[in-house]
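Each protein sequence line maps, in turn, to chains A, B, C and D. When we follow the working numbering, the leftmost residue of the first sequence carries the number 29, and every step to the right adds one. When we follow the working numbering, the leftmost residue of the second sequence carries the number 29, and every step to the right adds one. When we follow the working numbering, the leftmost residue of the third sequence carries the number 29, and every step to the right adds one. When we follow the working numbering, the leftmost residue of the fourth sequence carries the number 29, and every step to the right adds one. Notes follow the structure.
4 protein chains.
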Amino acid sequence: MVGQNFVRFLQGHPWFDLTWLGASDRSAGKKYKDAMNWNLAGGVPAAMADLTVEESKPGNAPRVLFSAMDASVATDIERAFAAAGHVVVSNSRNHRMERDVPLLVPEINADHLRLVPAQKARGWKGEIVTNPNCSTIGLTMGLGPLKQFGITKIIVTTMQAISGAGYPGVASMDIVGNVVPYIGMEEEKMEMETQKIMGQFCGDHIEPLPAQVSAHCNRVAVVDGHTETVSIAFSSKPSEADLRAAFESFTAVPQERELPSAPRNPVIYMNEQNRPQPRKDAEREGGMAAFVGRLRPCPVLDYKFVVLSHNTIRGAAGAAVLNAELMHSEGMLAG
Amino acid sequence: MVGQNFVRFLQGHPWFDLTWLGASDRSAGKKYKDAMNWNLAGGVPAAMADLTVEESKPGNAPRVLFSAMDASVATDIERAFAAAGHVVVSNSRNHRMERDVPLLVPEINADHLRLVPAQKARGWKGEIVTNPNCSTIGLTMGLGPLKQFGITKIIVTTMQAISGAGYPGVASMDIVGNVVPYIGMEEEKMEMETQKIMGQFCGDHIEPLPAQVSAHCNRVAVVDGHTETVSIAFSSKPSEADLRAAFESFTAVPQERELPSAPRNPVIYMNEQNRPQPRKDAEREGGMAAFVGRLRPCPVLDYKFVVLSHNTIRGAAGAAVLNAELMHSEGMLAG
Amino acid sequence: MVGQNFVRFLQGHPWFDLTWLGASDRSAGKKYKDAMNWNLAGGVPAAMADLTVEESKPGNAPRVLFSAMDASVATDIERAFAAAGHVVVSNSRNHRMERDVPLLVPEINADHLRLVPAQKARGWKGEIVTNPNCSTIGLTMGLGPLKQFGITKIIVTTMQAISGAGYPGVASMDIVGNVVPYIGMEEEKMEMETQKIMGQFCGDHIEPLPAQVSAHCNRVAVVDGHTETVSIAFSSKPSEADLRAAFESFTAVPQERELPSAPRNPVIYMNEQNRPQPRKDAEREGGMAAFVGRLRPCPVLDYKFVVLSHNTIRGAAGAAVLNAELMHSEGMLAG
Amino acid sequence: MVGQNFVRFLQGHPWFDLTWLGASDRSAGKKYKDAMNWNLAGGVPAAMADLTVEESKPGNAPRVLFSAMDASVATDIERAFAAAGHVVVSNSRNHRMERDVPLLVPEINADHLRLVPAQKARGWKGEIVTNPNCSTIGLTMGLGPLKQFGITKIIVTTMQAISGAGYPGVASMDIVGNVVPYIGMEEEKMEMETQKIMGQFCGDHIEPLPAQVSAHCNRVAVVDGHTETVSIAFSSKPSEADLRAAFESFTAVPQERELPSAPRNPVIYMNEQNRPQPRKDAEREGGMAAFVGRLRPCPVLDYKFVVLSHNTIRGAAGAAVLNAELMHSEGMLAG
């Protein structure tokens, strides 16, 4: 499904043309429309329907590749492409926590791209950059404006959409009228990835943010949009007005450079007391912003708030494309 | 709807006969079946259908009354009944935080019943006892076994069922495929009520538990059953095995006295990694137990876990009936 | 909610500017953003937020008015506007079955506009035109291509979205995990309106299509999009290929005139065996087309198929705007 | 999942003890609790949890077997058991339409059991009896009381629960906030099975009811309970009062013999204009009755109404158990 989201998201992109599709042996040789079951609204984009799927091997592939591979195969294939000189912009989890691989959220840690040269030590002619897990992106987008105040503790509870589990993914018998208070490996990913994303570039690695992070991950009967409740503590506690202003004025590299997929405002603060809500808000701003609301004091940590983001757009395909746009703006894609 | 739950829950009760129904002027004089829109599965119990509804005034009413009145009218009416010598066992929120009114969860604070005599100072011949808000009951049931370790901090995020908002309650346009990250006054209730319930009886009042409590309350598309994620810290941090044993061995006054509505085990610890779940578990044990799972260390506080309870049974009608059973076992209902 | 849909749908319209908002006394004088609770995704369009709402009376109102009034007040107010010389393009049900009022689906019965002059007999300087009920529009769009074969019998079962009931509309306790096999007056509307829409213009009235129509109307837990199963019989039974070709080649006045809101193809035939589906298909083509699938023989009548349309776009605001566009293309709005 | 429903349904049965569990090679030798993923509320019944699952072969198996086998294997295995002298009471679809196999709904066609002796011609020492598809059972229960009026035409549209598709079954991405207007082979099953069930026993086969039956089958986001809208015509059209009386007074062999799983009234007519509803009504009467409502004239056929039944109880496990009880009451299970 992330692959389908890439195909949809890249339609009409001003900088990138989707010209090549790689898949497993089983699909290679088929037309794209015959190689998968299209699950998104709107049908297979006409321009891609008849493209022939090729085997996921370096060779005919173009220089820049978006990877939505299953974790069971991504390690070897992504490395093969990187070794052969390709730029692998990956949504897979396999390389995210590797010491020399940037885990990017362009609004938060664009400078982590400076880690890429360290990959030369692997003997690769190309490189791998990654974006975080869908629930981590929403959280870190919400945390980005607050980093200046010295984040020390985060407790987050997620209510995650079913599209995050792919297709067929979550069985309807498990989620209609229900909550599943567990998503395999999700809490570990959120806790580690957040520390790396918010961390400090130190030449050949990222020094993780020394904050304690605790995640409770749940699945709910929502189609798109992960909602997260956050309690947070700071080394120097700001006022509520300071925090509010930080959310509202937040802007970063993607906005300054006017990257094509960058939302005008990466964080939208909503004043209504019962927002943000996934079905009503996640698709706003093209699904690329994070929506924050309900900022208020927390009796245990310092403050609490709600953050929402679109898990298959900002949390997957859109995230990787924005990463590629950032690299392009740095001149890193020029072959 | 809580009234309907009382009617259903009391059918066939071994100690209590439902003989009188009070309502507003508008309904008084009608047969029960004509005075309301029955919204629960199974239809109006035949024994009650033709009972004539009377006005909510002391007079013909029996000595012991269950109150499910709307907060907008409960203060005056409940006081009038108490003044006239009735025992008002209330699910309404109005008197919960009054200094001389017990806020009971019989497994947690049966001794708070000793507060009742302090109500004599109001000049009442009768009395009022209350049960907590539905989301608070689930939380405190889960906390009960842990009180011995000295609870100091609690952060809880709820995913609450739509039945908790009554009928018509939550509009379907607000909750189908959605999450609403706000429930009016719910967080305040959970934070204050929890401290009172877990607090210390001190003669004429309850000294609240000096723990910090922070609640994030959300509505999800579940019919019955509030799911809550909890992070918790203790003054003397127990081992995970200690906590686990505390959950599994927990038993209290209602179990010892074999009160008719008491669950055999007030807390059920579930070993499956993706449980408890509201649609699959809330109705077990007659809807009167709390279901706990996923106990694990919390990187910010000491531990975290999930707790689930049935919001209209254990969280409302069943709670009040168990309170009355506790009073009966103390001889407090003997007229 | 239909009013909000009008506001959203008219944003950026090439022919119409929304310059005036009328409402009840209670709202008059307020800014639009303060006068209602915006329930659609995306927030109140900025251009309208600060427009002052006026009382629903002729006077300052512009010549052409879209009406989304509640049925309880629409009769008198719409007539007052028509009498005063306004063109009332109404989504309300009140005048739909009046003998001299066109009930328009521009792809089906554009010629029914010729009924308008008959309204002069009422002494009105202006006029009223109407669009059908949301479930009727989808059905008649699906029937349009088949009219040529002489429709004699129709049995339709609807599975209607909750947005069709407005806000707060359907209580979540009634529809989460449920089906409600009844919608007040909906079956009567579908049966009568279909006969009028498919009927023959006869100078001063419409002679209803002499087909038998039977509707079963149900509410399901879908946000937008009414799905309908249809069994149909013809006076001269066509082949399945004929029917299929009729669906696929259907085009009508709005397409010929390239009306701004007209879908390129008013009926989209979907080949997948499990389509159309409301969540995946209703928003395609801007929500203005009908989606048909599963054409196959019916063992009782001649054929059966499924039709889907977007109930708040094609079934309400979009329908009325397309009616106004049709009138504009006829020169009927020139003041 | 049907197997799990059998295990749950047979707990505490007055006539039958569940003593043996057969499954594929893969599961044989495991304890029941380890051999499957229990998906029903309430957990694995304690009495069965430690029973060792055996291979599905005649041998140690008891004389009477309930079969919930997958259609891909049921033909051969069920025949092997029947040949070896077992009574196979099957919920699988494989033998339903075989000429010499009864397709039973005990309230409708108990006399079809007389078909069993014809199976001797296959050289079997035992026999196979079957129950219909879950959506057919609800329909035929609703039709049973009406058979006396000479049914000639039936058009039915189903809105079927997700539990009917087993586990994992329907993907949540396909059904949350959606309708799927297609269920593989379901329409064909409903049309053929209905004719056989309502047909006439003729010595060595069943002469199908010569009525035209047309089914439209849909999946909706309901957990349990298939809702069906029915239009019907008769050879001698009864009055609405006659039909109503037929529904309300219906009783049959299972009721006369007081079979343990028989509902007191097999058909419950509901007077409320918006009932029956699956979430509120399907579980009433132990899930074994059919609920009918909204009887009214049909402008195309003679009458229309709504029928609801519980698809995993009356439509599967409960149906087979009732079949076995019927056979027991005929002395057919005595070994």
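We put the CB at the ideal spot given by N, CA and C, even for glycine.
Quick check: is the beta carbon of S357/B nearer than 8 Å to any beta carbon in chain C? no
| said: Is it the case that the segment 160-172 of chain B contacts the segment 254-267 of chain B, given that we only count it when at least three CB pairs across the two stretches are under 8 Å? | reply: yes
task = With a 10 Å radius around its C-beta and 16 neighbouring C-beta atoms as the bar for buried, classify T80/C as buried or exposed.
result = exposed
ask   = Under 8 Å, do I225/A and P160/A count as touching if we go by C-beta distance?
value = yes
| request: Flag this pair as yes or no: are the beta carbons of E311/A and A69/C separated by less than 8 Å? | output: yes
**Beta-carbon contacts of Y297/D that lie in its chain and below 6 Å, excluding the five residues immediately before and after** = F275, E276 and V320
**Q.** Those residues which DSSP pairs with R307/C across a bridge
**A.** In the DSSP output, where bridge partners are listed per residue, R307/C has none listed.
* In the DSSP assignment, find the alpha helix (DSSP H) that holds P325/B and state where it starts and stops. => Counting along the chain, P325/B falls outside any alpha helix (DSSP H), though it belongs to the beta strand (DSSP E) covering A318 to P325.
| query | Quick one: what's F94/A bridged to in DSSP? | reply | V117/A
Does the contact criterion of 3 or more C-beta pairs under 8 Å hold for the segment 30-40 of chain C versus the segment 331-348 of chain C?
yes
- prompt: What are the residues of the segment 196-208 of chain B that lie near chain C, defined by any Cβ-Cβ distance shorter than 8 Å?
  reply: P196, G197, V198, A199, S200, M201, D202, I203, V204 and G205
Review point. Any idea if G151/D is buried or exposed, counting beta-carbon neighbours within 10 angstroms, 16 or more meaning buried?
Key: exposed
Item checked: Own chain partners of A146/C with C-beta closer than 6 Å, once the 5 adjacent residues on each side are dropped -> D128 and D232
- Figure out for me which residue from V207/D, T222/D and V208/D has the closest Cα to the Cα of T180/D. T222/D
- [ ] Determine the chain C residues that contact N302/D at a beta-carbon separation under 8 Å, and present them in chain order.
- [x] V208, P209 and Y210
Checklist entry - Among residues of its own chain, excluding the 5 on either side of N49/C, which ones have a beta-carbon nearer than 6 Å to its beta-carbon? => result Residue identity check: residue 49/C is Leu in the sequence provided, not Asn. The residues are Y60, L79 and V81.
Specify, as a first and last residue, the run of the alpha helix (DSSP H) that G346/C falls within.
G346 to S357
Can you say whether T47/D is buried or exposed, counting buried as having 16 or more other CB atoms within 10 angstroms of its CB? exposed
- [ ] Verify the CB distance criterion: does E311/C have a CB-CB separation below 8 Å to chain A?
- [x] yes
Taking the alpha carbon of D330/D as the reference point, which residue from S263/D, S242/D and S289/D has its own alpha carbon closest? S263/D
Counting only beta-carbon separations shorter than 8 Å, does S55/A have a partner in chain D?
no
Quick one: Cα of A249/C to Cα of P304/B, how far?
-> 25 Å
If you scan the segment 130-212 of chain A from start to end, which runs of the alpha helix (DSSP H) of 4 or more residues do you find wholly inside it?
134-137, 162-171 and 200-203
- Beta carbon of K332/B: closer than 7 Å to some heavy atom of the ligand NAP? Here there are no bound small molecules, and the ligand NAP is not part of this structure.
Exercise. How about K308/D: is its C-beta nearer than 8 Å to some C-beta of chain B?
Worked result: yes
- Message: Would the segment 200-218 of chain A count as touching the segment 204-223 of chain B if we require 3 or more Cβ pairs under 8 Å?
- Response: no
Query - Rounded separation between C326/C and A99/B - CA only - result: 56 Å
| query | For the putative contact between P42/C and L354/C, defined by C-beta atoms under 8 Å, what is the C-beta separation to the nearest angstrom? | reply | Contact flag wrong, Cβ pair sits at about 15 Å.
Please classify N302/A: does DSSP put it in a helix, a strand, or coil? coil
Could you check what DSSP says for F262/C in three-state terms: helix, strand or coil? strand
Exercise for review: For Y60/B, write down the residues that DSSP places opposite it in a beta bridge.
Suggested key: DSSP output for Y60/B lists no bridge partner at all.
Worksheet entry | Residues near C245/B in its chain [Cβ-Cβ closer than 6 Å; skip 5 each side] | T186, I211, E214 and E215
Assigned exposure category for R124/A - 16 Cβ within 10 Å defines buried: buried
Cβ of S95/A within 8 Å of Cβ of N119/A?
yes
**Prompt:** Which two residues bound the contiguous alpha helix (DSSP H) that contains G31/D?
**Reply:** V30 to L38
Practice problem: Kindly list the residues whose CB is nearer than 6 Å to the CB of R121/D, restricted to its own chain and excluding five residues on each side of it in sequence; keep chain order. | Solution: A99
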